[in-house]
Each structure stands twice: as C-alpha cells, then as structure tokens.
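*Asks:*
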Amino acid sequence: MAATIDVAHVITWSILISLVCGVRVSNKTYVEIDGVSACFRRFNATHQIGCNSKASGDVGVVYYVETEEDINYIIKTANQAPYAILMGPILFTLTNVQSLWNSGKISGMMVIHLDKTPIPDTFSPDNACPSDQYGLYHGNSDYGSCTKGQWNPHGNSMMFQDYAFPIFILKNETEVDYLIHDCFEKFNKPLAKGHPRDYPLCAVELKDSMSGSKDTVTCVRRNSMQVSLNPETYCDPLGDNNIVAPLKAIPSTEDYPPKSVIVAAARMDTFSMFENEYPGADSHVTGIVGLLAAAEAIGKVKERIVNNTNSKDILFAFFQGEAFDYIGSSRVVYDMVNKKFPEEPVSGETHIHPIDLHHISHFVEVNQLGQRDNGKLWIHTDPISFSSNKTISDEVDDMIKKITDIGGTVDLNLGRADSSKPLPPSSVQRFLKKRKFPAIVITDHQASYTNKYYNSRFDRPVTIKANSTDYDTITEQAKQLTKVATTLARSLFLLATGENDTDINADVTKVNHMLYCFLTNKSCDLFQEIIDKDNLNSLLESSTPYPFYVGVTNTDNHVTSLTKRLLSLYTGDKQENVTESNCNAPAKYKVYGYTWMQGALEPGSTNREGSCIRSTVSLTSAKSPAFDITDYDWHSGEYSTWTESSWRQDAISVRVFLIPSEQMEVALLCSGLAILIISLAVTYFINKKSSILFKTFQNSDPPTENTRI
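Residues 44 to 752 in our numbering are what the sequence shown spells out, letter by letter.
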C-alpha cells in the first residue's frame, strides 16, 4: 500500500513555523517604550482639540533638541525628515511646537517628564481667561473677556489647540536615557559642522489613534447611527458625579423655608494635555481639603444646627467637571430649576426635601488656597449683584466682616479684593446667572493667579510645600490650611446659628493626612480606613495618587468615591450593631445614605473593625444638560458640550527601531524576492515529484498469519 505525505500539511507547518519566527524577529526589531502618557482628542460643539496619529502610527527619526539652536537646525538644515522630536519641558512651548510643525519636517513629539527634569518658571495650558464663555460675565462689556485683567496670565492655551500629530510625555528615566544615549547619540546625532549621520538611523513609531473626529455634534451623531450588533462608540460626554450633603436631614414630606440654606462649595477637577497627569495641588486639592476639614469641624457640633429649628442649613457641595466649562455646577442649577435636586422625586418614597435656588441664602466657595498672595487669602465678590441690590451688598459686607474677624483670631490674614472687579472663575457664577444672592469666593490671589502652573501637570505637591513623604509629618501647608478650615467652619456656624463658637477647630492631623493621601500616596491608612473590601485591591495596587480628571460619564471616578466617603465619615453617624450586609437604607425611606467602611486598625492587630456610617451625603449627576435635553441647540453656548474621543486597546503605543539605508532596503527587498522565487520553485518541484520523492516500498509477499493484526 502506497503512503504519501500530504504536501498541504508540509506547507501549513512551514507557514506556522515562519509566523512563530516572525514574532521573534518582531520582538528583536522593536523596543517598546512603556512609561508614556499620550495627548488625546477631546471635542466641543465647534472644535476638536488634542492629538492624533494615523491608525498604524506615525514614524520619525528621533532627534533630541536641547536648545533653540537645535530647533532652528531642524527647521532650516536637517534633511532626514520626518523627525520625532525629543525635548525637555522648558522647550515645549506653543511657539516652538507650531514652528516645528509648520516646517513640515516632524511626525510627532516626545516630552521628557521626570521629577528631576527642570521645568519652566510658568506653564499653564489653559486659557488666560478660563471658562469665560460659560461664566457669569460672558457678553458683558464691563466684566467679560477679562477686561479688568487676566486671571491666568501664564495661560498659553496649548490645551485647546488641534495637533495633527502625536505627542507623548516620557516618565521612565531608564527609557529616556535609552532614547538619548542608545538611540539619538549613537545613531542620529549630527557629526561635526552639522553633517547628518549615515544609515542606519534610530526611529520611533508613535501610535495615538483616536476613534472620534471633528466635533461633539458630529461624534454624537455617529454614535447614534450604529447598525452593528457590537456598535463602536466614537466619543463619550465628559462628566461624573457631584457630591452634596445638607446637614439637616429634612424629608420631602416636611416644609423647607426659602433662604434657609448656606452653600459651602469647592471644585474637584483639573486637566492637563496628557492622560493621567492631573495632580492639581493648588488648582483644587487645597480647596477640597479645606472644605472637608471645615465639614469635619462642623460635624462635631452639627446637633446644635440640626436640632435648632431657627438655624439655617449648611449644604456642602463638591462639583465635578468645573475645569470643562462648569459641568457640575451647571447641572446642579439645571436640576434645581427642574425640582430634581438632590434627586428626582419617586412616587411612594421619602427623600431629602428638594432644594432649589430660592432656598439659598448665602454661598461661600473656596478655590485655590495654597499659594497666598502677600501672605493673605482674598475674598472676592460679584460687582453686579453687589451694586444692584443694597440688601445683598449689606449682607456681603456682613459676611466679609464676620470671616475676617474670625480669621484674625486664628492668625489667618484675609483681605478683601477690589469690589469693582468680577469674580474669578468659580462655580458660583453659574448660580448667579439664574438668581442673585450674597456670595463670596475665597482664594489665594488678589488679582491674577499666584499659581503659575494652573491646570497643568506641574501643579505638584512641591509647589505648595506639601510634598512630605512621611504620613505623619505635619507640613507648613497643612498648618495654614487648618487655619483656613477653622475660619471657614466657625464662619459657617455663625451664619447658620448666629453664635460665635471659638471651640470649633479643624484637625491639623486630618488635614495633613488628606493632603498626603490625595497628593502623595493613595495607599495611606486614612483611605484604607474609609474604603470597603471590594475596592481595597485597587487602592493598594500602587501608591500613585488617583488622577483629578473628571473622566467620562460611563467610568468610575475614584477621587469622587473617596471624597464622598470622607464627607460621610466627617458629617455622618456611626451605626452601632450593624453588619455590612445590613448597612443600607430602608426600601421606602431614602433620606439617609449608608456606607460601609473598613474602619481603623484594632490596637495591636492587623484587623480592622468595620463600621456602618449613616449620612445625608449623596451623589448627583455631573453630566452636562446638553446631552439630556431633546433637540438641544449645540451652538447656543448655554451648557458645556465637551466629549472625549474613545480609542481601542491597542491604539496607543511607542516603539523604537532602526531604519536602514535606501540601498539596504532595496537589497533586502531583492533578497526577499529571490528567496520567494526560489521557495516557489522548490515548492513546485516538490509538489510535482511528490509521488517519487515520498514513495514508500511495499512488501510484495502476501501477509502470513503471524503478520496479520
């Protein structure tokens, strides 16, 4: 019986072996650069901003620019384009970026971002007049467009440019050294007198491929036109949740008088050009910590407010998405107007009493607090409501006197900013657009920002002197913020009750711990204490702080979750003899929320005594109303329209490889073609002669009994 080898199987195995070898060759050809963060696309109703690459990535010869002369060399002399520029943060300016791109010689950029790398004296990618188009003074000839002076004079608007090429920051020192020494200097650095190097050249493939394009209107329309069973999302609205907590748990079945609520607010987010680089130390963390510390101080005496029928309520509010045209505060105002705040009523259920704009008696907002102008904090007011209504102006004057007097008792120097100037960018502006009431904003700047790195990746703990690596070492910033929190707590208590209580004090240890946990190490003991077991692993996987970026509406925001838990701990009540499984609200009575926390470590043990906290803290939507209003006019300018482009899992990467000379490429191509032709000829010959080459001899004798099977 003749047996032949199936030629198809031979070819199949040959292909499989070649594929395996190909993977190995690929691994040897490319060096992956992992410590990167990408600039990515965002959209509003009219524009796209950020960066993008071709789907396969953009390739360029690595060129390390150290001086302005190097940039001029690229623009005027270099002839091995396209280049992928590697530079330090000082040279990364809008002027340099535009000049390099306009030269037509670059395909992408890499910016070094190491702790030891010198940074510019000032850098803010935000506008000089942040969020002006959506604020209180838009279109006002007296106060709009920063006519009285720019709030953010260091703003270069780099965040809001449309870059048609990829830009990455490099965060790993070893990889940066590799790109400089083993790539650029070894292969690409020009010879004497600027003569270019011969091949091979060291190149990089920058892949930063975004799914969305053009603007939010186009992107939302594309999202809605899906016909696939597995539709692709091109962009998602920016947004998350606000955190709110009225001290008084007044149910929806009872009366809630007008002008009976004092709002104490802070913003929760920042931005930068690059993914996950959102430290926001002064931009907003100082405000978050200051307000939380004030809430903790008031929480210890809250019964004197809650049980006093004549006292005003205090509503603590933390707004998300404020860096993107006031997403969170706009949504709260929208929900208040539509009687849906803090939540939409449900038939048959009892909730916290709805709060609307007419319930607000005063508004106190804390903004940037970490870099005091002339050693002072400054109180800002709205000139429009102040000059048009004497009742409001008298109450504002009274508020400021109370706060400055109380500040003096704790050695906190407070000054009053020029009342003829508008409010700085702040959440309260969105409320004052709908209704006028006494409102103040407390900041660390009298006029323009003292924060030279507003809304940038350089707004780090070191800039506010809160960069201690020890959990229990009290920093100077913690001491100063404690004075602010004490002043704020006593002032709110005085406004609510009419009583001046000098025994109300913020806790400097808690302030210090919050700064450390938010800015230095998220695995700290405070965060472990308030977290539940289900989220513990995420907390402990690294010490890197969570980013203070609003994110998109369909993802969880860890900063929001942790801030909510802290506010619950500081203003809520521990429930005795309640287990984790029973730590929840009754089915029909939703006035309170219940939160399970791991609790503090038991003395001399690694175990924690869990606890159930009952509080009035709740989450409300921080999604722009523009995405919920049917047939919304996208060009009206009423609400924020920001979205973020989606991207696939493999859409972002950086890898290094060598480019051979054109002669070498031709030689390789010819060699490959020759090998292919020879392989085809050999395959044809083997297939043609297979019956001879693979024939086996048969035994001509018939089988015997012993040979039968």
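Cβ atoms here follow ideal geometry from the backbone N, Cα and C, with glycine treated the same way.
Since we're looking at a predicted model, the values are computed, not measured.
(1) For residue 367, which option in 666, 737, 531 and 719 has the closest C-alpha, if you only look at C-alpha atoms?
(2) Can you check DSSP and say which residues form a bridge with residue 308?
(3) In the structure shown, what three-state DSSP assignment does residue 55 receive?
(4) Which two residues bound the contiguous beta strand (DSSP E) that contains residue 486?
(5) Please report the straight-line C-alpha distance between residue 516 and residue 559, rounded to a whole angstrom.
(6) My parser needs the alpha helix (DSSP H) runs of 4 or more residues fully inside the stretch 542-602; what are they?
(7) For the beta strand (DSSP E) containing residue 249, list its first residue and its last residue.
(8) Which residue from 498, 661 and 521 puts its Cα closest to that of residue 603?
(9) In whole angstroms, what separates the C-alpha of residue 194 from that of residue 490?
(10) Out of 538, 400, 474 and 455, state which residue places its alpha-carbon closest to the alpha-carbon of residue 439.
(11) In this structure, what does DSSP give as the bridge partners for residue 201?
(12) Given that a residue counts as buried once 16 or more other Cβ atoms are within 10 Å of its Cβ, and exposed if not, what is residue 410?
(13) Compare the beta carbon distance of residue 124 and residue 97 with 8 Å and say whether it is the shorter of the two.
(14) Across which residues does DSSP place residue 212 in a beta bridge pair?
(15) On the criterion of 16 or more Cβ atoms from any shown chain inside 10 Å, does residue 408 qualify as buried, or is it exposed?
(16) What residues in its chain sit with their C-beta under 8 Å from that of residue 751, if we drop five residues either side in the sequence?
(17) Given a cut-off of 8 Å on the beta-carbon distance, is the pair residue 528 and residue 549 in contact?
(18) Measuring CA to CA, which of 562, 565 and 485 is closest to residue 534?
(19) Evaluate residue 59 with the Cβ neighbour count: other Cβ atoms within 10 Å of its Cβ, from every protein chain shown; 16 or more gives buried, anything less gives exposed.
(20) Report the rounded CA-to-CA distance for residue 155 versus residue 162, giving the unit in angstroms.
(21) If we count Cβ pairs, one from each stretch, closer than 8 Å, do we get three or more for the stretch 300-319 versus the stretch 576-592?
(22) So residue 278 and residue 688 are supposed to be a Cβ contact under 8 Å. How far apart are they, rounded?
(23) How big is the Cα-Cα spacing for residue 475 and residue 386?
(24) Where does residue 324 fall in DSSP's three states?
(25) Express the C-alpha separation of residue 462 and residue 437 in angstroms, rounding to a whole number.
(26) Could you tell me the distance, in whole angstroms, from the CA atom of residue 54 to the CA atom of residue 712?
(27) Answer yes if the stretch 390-409 comes into contact with the stretch 292-306, meaning at least three C-beta pairs across the two stretches below 8 Å, and no otherwise.
(28) In the DSSP assignment, find the alpha helix (DSSP H) that holds residue 105 and state where it starts and stops.
(29) Using 8 Å as the Cβ pair cut-off and three pairs as the minimum, do the stretch 391-402 and the stretch 448-465 touch?
(30) Does the Cβ of residue 734 have 16 or more other Cβ atoms within 10 Å, making it buried, or fewer, making it exposed?
(31) Take residue 320 and list the residues in its own chain whose beta-carbon comes closer than 6 Å to its own, dropping the five residues that flank it on each side.
(32) For the 8 Å Cβ check, are there 3 or more pairs between the stretch 194-207 and the stretch 105-118?
(33) Extract the residue ranges of the alpha helix (DSSP H) inside the stretch 218-299, only unbroken runs of 4 or more that lie entirely within it.
(34) Among the residues of its own chain, which have a CB less than 8 Å from the CB of residue 137, if the five just before and after it don't count?
(35) I believe residue 78 touches residue 214 by the beta-carbon criterion, under 8 Å. Please report the beta-carbon distance rounded to the nearest angstrom.
(36) Here's the rule I'm using: 16 or more other beta-carbon atoms within 10 Å means buried, otherwise exposed. How should residue 168 be labelled?
*Replies:* Walking through what the data contain:
(1) On the sequence shown, position 324 is the one that residue 367 refers to. Shortest Cα-Cα distance from residue 367 to any of 666, 737, 531 and 719 involves 666.
(2) The sequence position of residue 308 within the sequence shown is 265, counting from 1. Beta-bridge pairing links residue 308 to 360 and 408.
(3) Here residue 55 refers to the residue found at position 12 of the sequence shown. Bear in mind that a pLDDT of 47 at residue 55, under 50, signals an unreliable position, so the model cannot answer this.
(4) In the sequence shown, counting from the first residue as 1, residue 486 sits at position 443. From DSSP, the beta strand (DSSP E) with residue 486 extends over 482-486.
(5) Taking the sequence shown and counting its residues from 1, the one referred to as residue 516 is at position 473. Taking the sequence shown and counting its residues from 1, the one referred to as residue 559 is at position 516. When rounded, the distance between both Cα atoms is 10 Å.
(6) Whole alpha helix (DSSP H) segments, 4+ residues: 551-562, 568-573 and 579-583.
(7) Stepping through the sequence shown from its first residue, residue 249 is reached at position 206. Its beta strand (DSSP E) spans residues 244-251.
(8) Here residue 603 corresponds to residue number 560 of the sequence shown, with the count starting at 1. Measuring from the Cα of residue 603, the nearest candidate turns out to be 661.
(9) As a first step, residue 194 is located in the sequence shown; it is residue number 151 there, counting from the start. As a first step, residue 490 is located in the sequence shown; it is residue number 447 there, counting from the start. When rounded, the distance between both Cα atoms is 7 Å.
(10) For the purposes of this step, residue 439 is taken as the residue at position 396 of the sequence shown. When each option's Cα is compared against that of residue 439, the closest is 538.
(11) Position 158 of the sequence shown holds residue 201. For residue 201, DSSP assigns no beta-bridge partner whatsoever.
(12) What you label residue 410 is simply residue 367 of the sequence shown in a count that begins at 1. Residue 410 is buried by the Cβ-count criterion.
(13) In the sequence shown, residue 124 corresponds to position 81, counting from 1. In the sequence shown, residue 97 corresponds to position 54, counting from 1. In this structure, residue 97 does not lie closer than 8 Å to residue 124 by Cβ.
(14) As a working note, residue 212 is residue 169 in the sequence shown. Answer by DSSP bridge pairing, in chain order: 80 and 154.
(15) One-based indexing of the sequence shown puts residue 408 at position 365. Residue 408 should be labelled buried.
(16) As a position in the sequence shown, residue 751 is number 708, starting the count at 1. The pLDDT assigned to residue 751 is 45, lower than 50, so where the model puts this residue is not dependable, and the model offers no usable value.
(17) Position 485 of the sequence shown, counted from the first residue, corresponds to residue 528. Position 506 of the sequence shown, counted from the first residue, corresponds to residue 549. For residue 528 and residue 549, yes; Cβs fall inside 8 Å.
(18) The sequence position of residue 534 within the sequence shown is 491, counting from 1. For the residues 562, 565 and 485, the minimum Cα distance to residue 534 belongs to 485.
(19) Your numbering for residue 59 matches position 16 in the sequence shown. Confidence at residue 59 is low in this model, with a pLDDT of 48, below 50, so its placement is unreliable and the value that follows should be read with caution. By the 10 Å Cβ count, residue 59 comes out exposed.
(20) As a working note, residue 155 is residue 112 in the sequence shown. As a working note, residue 162 is residue 119 in the sequence shown. Roughly 10 Å separates the two Cα atoms.
(21) At 8 Å Cβ cutoff, the stretches touch.
(22) Counting from one through the sequence shown, the residue named residue 278 turns up at place 235. Counting from one through the sequence shown, the residue named residue 688 turns up at place 645. At roughly 5 Å, the Cβ-Cβ gap stays under 8 Å, so residue 278 and residue 688 are in contact.
(23) As a position in the sequence shown, residue 475 is number 432, starting the count at 1. As a position in the sequence shown, residue 386 is number 343, starting the count at 1. Rounded to whole angstroms, the gap between the alpha carbons of residue 475 and residue 386 is 22 Å.
(24) Counting from 1 along the sequence shown, the entry for residue 324 is found at position 281. Looking at residue 324 - three-state DSSP - the assignment turns out to be helix.
(25) Reading the sequence shown from its first residue, position 394 is the one you call residue 437. Reading the sequence shown from its first residue, position 419 is the one you call residue 462. As the crow flies, the alpha-carbon of residue 437 is around 13 Å from that of residue 462.
(26) Stepping through the sequence shown from its first residue, residue 54 is reached at position 11. Stepping through the sequence shown from its first residue, residue 712 is reached at position 669. Residue confidence for residue 54 is low, a pLDDT of 48 falling below 50, so the modelled location carries little weight; the figure read from the coordinates is stated next. If I take the Cα positions, the gap works out to 23 Å.
(27) These segments touch.
(28) Taking the first residue of the sequence shown as 1, we reach residue 105 at position 62. For residue 105, there is no enclosing alpha helix (DSSP H); the residue is found in the beta strand (DSSP E) stretching over 101-108.
(29) The answer is no - the stretch 448-465 does not touch the stretch 391-402, with fewer than three Cβ pairs under 8 Å.
(30) The residue given as residue 734 occupies position 691 in the sequence shown. Residue 734 should be labelled exposed.
(31) Along the sequence shown, one-based indexing puts residue 320 at 277. Here the set comprises 80 and 500.
(32) The stretch 194-207 makes no contact with the stretch 105-118; the number of CB pairs closer than 8 Å stays below 3.
(33) The DSSP assignment places complete alpha helix (DSSP H) segments of no fewer than 4 residues inside the stretch 218-299 at 259-267, in order along the chain.
(34) In the sequence shown, counting from the first residue as 1, residue 137 sits at position 94. Cβ within range, chain order: 199, 200, 201 and 204.
(35) Taking the first residue of the sequence shown as 1, we reach residue 78 at position 35. Taking the first residue of the sequence shown as 1, we reach residue 214 at position 171. Taking a contact as a CB-CB distance under 8 Å, the pair residue 78 and residue 214 counts as one, their CB atoms being some 4 Å apart.
(36) Counting from 1 along the sequence shown, the entry for residue 168 is found at position 125. Residue 168 comes out buried.
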